[in-house]
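**Student:** In terms of our numbering, the sequence shown is numbered consecutively and its last residue is 842.
Positions of the beta carbon are idealized from the N, C-alpha and C atoms, including for glycine.
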Amino acid sequence: VVIACWAFARLHEQHAFLPTLDFIAPAVPIGLGLGRLANFINDQLFGRVSHLPWAMVFPSGGPQPRQPSQLYEFLLEGVLLLLILAIYSRKARPAGAVGGMFVLFYGIFRFIAEYARQPDIQLGFVFGPYTMGQVLSVPMIILGPLVIWWAYKGGFSESPKTTLVADH
């Protein structure tokens with residue numbers, strides 16, 4: 675999403691990168707959530723073996739019950755992230771702040787959800803007990819607050835404050 679917004683802004687000079695990212699970011703959780711529901715329906719990206727009462731057997735996951743990690747990701751990266759960004763973007767924010775919130779919370783939620791998800795078979799655990807998804811989430815968790823801080827500090831002051839709510 676960040677790279678796509680950057681590329682769009684480069685191709686269309688009348689659209690600055692950060693306001694574009696701030697405008698698009700609150701809609702991204704809808705796509706993420708629908709993608710996770712599709713993963714659940716298509717028996718993809720299921721969770722680790724579990725004996726929790728809500729664990730379920732996935733046809734391609736063998737006979738053992740597993741965590742429905744796709745549903746956790748739907749709730750975290752879809753529903754909760756959408757709510758956070760919708761509420762946060764209601765007020766005018768410095769350019770980059772909404773995008774920074776997206777990067778931060780997507781990274782946090784992905785890192786958490788990966789604990790329940792079965793690691794990719796071709797990768798397994800890549801850094802001690804951590805999956806590739808968790809390793810890739812760490813830079814987002816670090817970058818998100820830095821972007822937010824920089825936005826409020828005025829580091830992106832050449833871009834206007836952005837909001838998704840029309841001024842009345």
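In this structure, what does DSSP give as the bridge partners for residue 801?
**Tutor:** The count along the sequence shown starts at 1 and reaches residue 801 at position 127. In the DSSP output, where bridge partners are listed per residue, residue 801 has 804.
**Student:** Out of 797, 716, 769, which one is the CA nearest neighbour of residue 825?
**Tutor:** Reading the sequence shown from its first residue, position 151 is the one you call residue 825. Per the Cα distances, 769.
**Student:** Assuming residue 846 contacts residue 710 (C-beta within less than 8 Å), just tell me the rounded distance between them.
**Tutor:** Past the edges of the chain, shown from 675 to 842, lies residue 846, and the structure says nothing about it.
**Student:** What are the boundary residues of the alpha helix (DSSP H) that includes residue 710?
**Tutor:** Translated into the one-based positions of the sequence shown, residue 710 becomes position 36. Counting along the chain, the alpha helix (DSSP H) containing residue 710 begins and ends at 702-715.
**Student:** From 792, 772, 743, 762, pick the residue whose C-alpha is nearest to that of residue 783; which is it?
**Tutor:** The residue you call residue 783 lines up with position 109 of the sequence shown. Comparing Cα positions, the closest option is 743.
**Student:** For residue 675, which residues in the same chain have their Cβ closer than 8 Å to its Cβ, ignoring the five residues on either side in sequence?
**Tutor:** In the sequence shown, counting from the first residue as 1, residue 675 sits at position 1. Taking C-beta separations shorter than 8 Å and ignoring five residues to either side along the sequence, the partners of residue 675 in its chain run 695, 698, 699, 702, 776, following chain order.
**Student:** With a cut-off of 8 Å on the beta carbons, I'd call residue 780 and residue 751 a contact; round off their distance for me.
**Tutor:** For the purposes of this step, residue 780 is identified with residue 106 of the sequence shown, where counting begins at 1. For the purposes of this step, residue 751 is identified with residue 77 of the sequence shown, where counting begins at 1. With a Cβ gap of about 6 Å, residue 780 and residue 751 count as contacting.
**Student:** Can you give me the C-alpha to C-alpha distance between residue 731 and residue 760, rounded to a whole angstrom?
**Tutor:** Numbered from its first residue, the sequence shown carries residue 731 at position 57. Numbered from its first residue, the sequence shown carries residue 760 at position 86. For residue 731 and residue 760, the distance between alpha carbons rounds to 35 Å.
**Student:** Comparing C-alpha positions only, which one of 823, 738, 714, 717 sits nearest to residue 773?
**Tutor:** As a working note, residue 773 is residue 99 in the sequence shown. Per the Cα distances, 823.
**Student:** Can you find the residues in the same chain that come closer than 7 Å, C-beta to C-beta, to residue 745, ignoring five residues on each side of it along the sequence?
**Tutor:** In the sequence shown, residue 745 corresponds to position 71, counting from 1. Excluding positions up to five away in sequence, the list reads 714.
**Student:** Of all the options 801, 799, 738, which has the alpha carbon lying nearest to the alpha carbon of residue 727?
**Tutor:** If you number the sequence shown from 1, residue 727 lands on position 53. Nearest C-alpha to residue 727: 738.
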